[in-house]
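Colleague: Pasting a structure below so you can have a look.
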Amino acid sequence: MDFLSPLYERARQNPKRIVFAEGTEPRVLEAAAELKKQGLCTPILLENPEAHPKFQAHIQRFQELRGSTVEEATEKMKNPHYFATMLLHEGEADGMIAGPTAPSKERILPALELIKTKIEHHRVSGAMIMILPETVDPDAANGGVLLFADCAVNIEPTVEVLAQIASDTADTASHLGLDPKIALLSFSTAGSTEHPLTKKMRDAADLIKHQRPDLAVEGEMQVDTALMDEVAALKDPGSPIAGHANVLIFPDLEAGNIGYKLVERLAGATVIGPILQGLKKPMNEVSRGSTSQDIFNLAVFTCIQAQLPA
Ligand SMILES: CC(C)(COP(=O)(O)OP(=O)(O)OC[C@H]1O[C@@H](n2cnc3c(N)ncnc32)[C@H](O)[C@@H]1OP(=O)(O)O)[C@@H](O)C(=O)NCCC(=O)NCCS
72 MDFLSPLYER ARQNPKRIVF AEGTEPRVLE AAAELKKQGL CTPILLENPE AHPKFQAHIQ
132 RFQELRGSTV EEATEKMKNP HYFATMLLHE GEADGMIAGP TAPSKERILP ALELIKTKIE
192 HHRVSGAMIM ILPETVDPDA ANGGVLLFAD CAVNIEPTVE VLAQIASDTA DTASHLGLDP
252 KIALLSFSTA GSTEHPLTKK MRDAADLIKH QRPDLAVEGE MQVDTALMDE VAALKDPGSP
312 IAGHANVLIF PDLEAGNIGY KLVERLAGAT VIGPILQGLK KPMNEVSRGS TSQDIFNLAV
372 FTCIQAQLPA
C-alpha cells in the first residue's frame, strides 16, 4: 500500500503556512521548493531574524511571555529557532520545522517554553512514523506502518509520563488512519521476569487502561512478542495485542532513539519524525542526519497537524 500519497493529498487540500527556522540550509531549501511546487504547503523560509520586520515587536512579546529582561529577549530573538517559534506562537505561521543543523535541545526547547502543552503539566514526546519496506517479514510488519515513541524528548519517563506518551502516540496513529494497538516494551513478557523496570512498564499499561479504556494496550511485552504472531502464540497466547502491535512504546529515550535508528538503517525504513506530541501548535524537528526528503515528509505531516481542530 502507498502510505505517503494519501498524506500528500490531505496536505494539498488545505495547504498551511509552515515556517522553517533554518531557511537558508540547502536541504531545507530543496524540500521547501518541492513542497511549494507540489502545492502541499506555503513555506516561510526564515533567514536573519534581525532583518525581520517584527524583530523589535517580538523582543517585547518574548519579555511579556517569559518575564525576561530586554537583553535576554534580544538574545533569544536573534536565535532563529526562538524567532520561528515566536512566528508560530503569534499566528504568523500555522506550523514549524526546526533543524536540521542545530542540536536537539536547541530545536525543542523554544517550543516547550513558548508554545507549551495543550494540557497543563503534560509532557511533550516525540513519535516516529516508521514506514517499513516490503522486504520486512509481513508477520512482523503488522501492516507496514508502525509508530515508535518516545524517540526524542523524555530521557527517563516515569510511569505517568509513559502513559501520556502511549496515549498521545495512539492519537497520532489515529490521525494517520491507523487502528492503534499499543505495546509497552520491555525485556520481559507478562511477568516472565520480575524486576522494577519490567513492573514499571506493566504499571504504565495498567494506568493507560484505567485512563483511556477506549485504547487497546498491553504490557509489559518483548518486542518480538509484540510484533510476531509466531512468538506471541508461545509467550502471550490469547493477548489481543501480542503479534499485532503497531504502536511501540519504549521504556526510555535510549531504547527509543537506538531502536528507531536500527530499523531505519538496517531495515531501510522510511522515517517521518519526530512528531512532537502534546504541544498547543504543531512544531516538529528534523535531526542533523536528515535528508531533504525527510524534511519534505515531516513538513507534509506538520501541515496535516495544522489542519486538525485546535
Ligand atoms: C527536552 C529537553 C531539551 C528539555 O530540557 P530541560 O533542560 O530538561 O528543560 P528544563 O527542565 O530546563 O525546562 C525548560 C522548560 O521546558 C519545559 N519542559 C521540559 N521538558 C518538557 C516536556 N517533555 N514536556 C513539556 N514541557 C517540558 C519545562 O516545564 C520548562 O518550562 P518553563 O520554563 O515554562 O517552566 C531535554 O529533556 C532533552 O535534552 N531531552 C533529550 C533530547 C535528545 O537528546 N533527543 C535525542 C535526539 S532527537
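Heads up: the sequence shown is residues 72 to 381, going by the numbering used here.
For glycine and all other residues, C-beta sits at the position ideal for the given N, C-alpha and C.
If you count every other CB in all the chains shown that lies within 10 Å of the CB of E205, and 16 or more means buried, which is it?
Modeller: Taking the sequence shown and counting its residues from 1, one reaches residue 205 at position 134. Its Cβ having fewer than 16 others within 10 Å, E205 is exposed.
Colleague: Taking 7 Å as the cut-off, is the CB of R194 close to at least one heavy atom of ligand 1?
Modeller: Here residue 194 is taken as the residue at index 123 of the sequence shown, counted from 1. Because some heavy atom of ligand 1 lies under 7 Å away, the Cβ of R194 counts as near it: yes.
Colleague: Rounded to a whole number of angstroms, what is the C-alpha to C-alpha distance between R359 and G309?
Modeller: Numbered from its first residue, the sequence shown carries residue 359 at position 288. Numbered from its first residue, the sequence shown carries residue 309 at position 238. Distance between the alpha carbons of R359 and G309: 42 Å.
Colleague: If you scan the region 140-185 from start to end, which runs of the alpha helix (DSSP H) of 4 or more residues do you find wholly inside it?
Modeller: Listed in chain order, they are 141-149, 151-160, 175-181.
Colleague: Grab me the residues of V99's own chain with a C-beta within less than 8 Å of its C-beta, minus the 5 sequence neighbours each way, in chain order.
Modeller: As a first step, residue 99 must be located in the sequence shown, where it is residue number 28. Counting only Cβ-Cβ distances below 8 Å, and skipping sequence neighbours, we find F91, E93, L116, I168, P171, S363, I366.
Colleague: So, with DSSP's three-state summary, where would you put E227?
Modeller: The residue labelled residue 227 in the question sits at position 156 within the sequence shown. E227 falls in the coil class under three-state DSSP.
Colleague: Starting from the N-terminal side, write out each stretch of the alpha helix (DSSP H) that is 4 residues or longer and does not extend beyond the region 200-247.
Modeller: Complete alpha helix (DSSP H) runs here, min 4: 209-212, 230-246.
Colleague: Name, in chain order, the residues that DSSP records as bridge partners for Q348.
Modeller: Numbered from its first residue, the sequence shown carries residue 348 at position 277. DSSP output for Q348 lists S196 as bridge partner(s).
Colleague: How long is the line joining the alpha carbons of I200 and P77, rounded to whole angstroms?
Modeller: Taking the first residue of the sequence shown as 1, we reach residue 200 at position 129. Taking the first residue of the sequence shown as 1, we reach residue 77 at position 6. Approximately 15 Å, taken between the alpha carbons.
Colleague: Go to K280, then tell me how far its alpha helix (DSSP H) extends in each direction, as first and last residue.
Modeller: Taking the first residue of the sequence shown as position 1, residue 280 is located at position 209. Residues 267-282.
Colleague: Cα-Cα, which of S238, H315, S361 is closest to P284?
Modeller: For this step, residue 284 is matched to residue 213 along the sequence shown. With distances taken between Cα atoms, P284 lies closest to S238.
Colleague: Please list the terminal residues of the continuous beta strand (DSSP E) segment that includes F258.
Modeller: As a position in the sequence shown, residue 258 is number 187, starting the count at 1. Looking at the DSSP string, F258 is not in any beta strand (DSSP E), and its letter there is neither H nor E.
Colleague: With H, G and I counted as helix, E and B as strand and the rest as coil, what does DSSP make of V288?
Modeller: Position 217 of the sequence shown, counting from 1, holds the residue named residue 288. The answer is strand: DSSP assigns V288 an E or B state.
Colleague: Would you list the one or two residues that DSSP bridges to K252?
Modeller: As a working note, residue 252 is residue 181 in the sequence shown. In the DSSP output, where bridge partners are listed per residue, K252 has A287.
Colleague: Might you give, ordered along the chain, the residues of its own chain that have their beta carbon closer than 6 Å to the beta carbon of Q293, omitting 5 neighbours on each side?
Modeller: Sequence index remark: in the sequence shown, residue 293 carries index 222 (1-based). Within the same chain, Q293 has close Cβ partners T260.
Colleague: Tell me whether V318, by its Cβ, gets closer than 7 Å to a heavy atom of ligand 1.
Modeller: The residue labelled residue 318 in the question sits at position 247 within the sequence shown. Every heavy atom of ligand 1 is 7 Å or more from the Cβ of V318, so no.
Colleague: Is N225 near ligand 1, judged by its Cβ being under 7 Å from some heavy atom?
Modeller: Position 154 of the sequence shown, counted from the first residue, corresponds to residue 225. Yes, ligand 1 has a heavy atom inside 7 Å of this Cβ.
Colleague: Please report the distance separating the alpha-carbon of G162 from that of P267.
Modeller: Locating residue 162 in the sequence shown gives position 91, where the first residue counts as 1. Locating residue 267 in the sequence shown gives position 196, where the first residue counts as 1. One C-alpha to the other measures close to 45 Å.
Colleague: Run the CB neighbour count on Q84, radius 10 Å, all protein chains shown included, and call it buried at 16 or more, exposed below.
Modeller: Position 13 of the sequence shown, counting from 1, holds the residue named residue 84. With fewer than 16 other Cβ atoms within 10 Å, it is exposed.
Colleague: Classify P311: buried if its beta carbon has 16 or more other beta carbons within 10 angstroms, exposed otherwise.
Modeller: On the sequence shown, position 240 is the one that residue 311 refers to. Exposed.
Colleague: Per the contact definition of three or more C-beta pairs closer than 8 Å, is the region 101-113 in contact with the region 181-199?
Modeller: Counting Cβ pairs under 8 Å, fewer than three are found: no touch.
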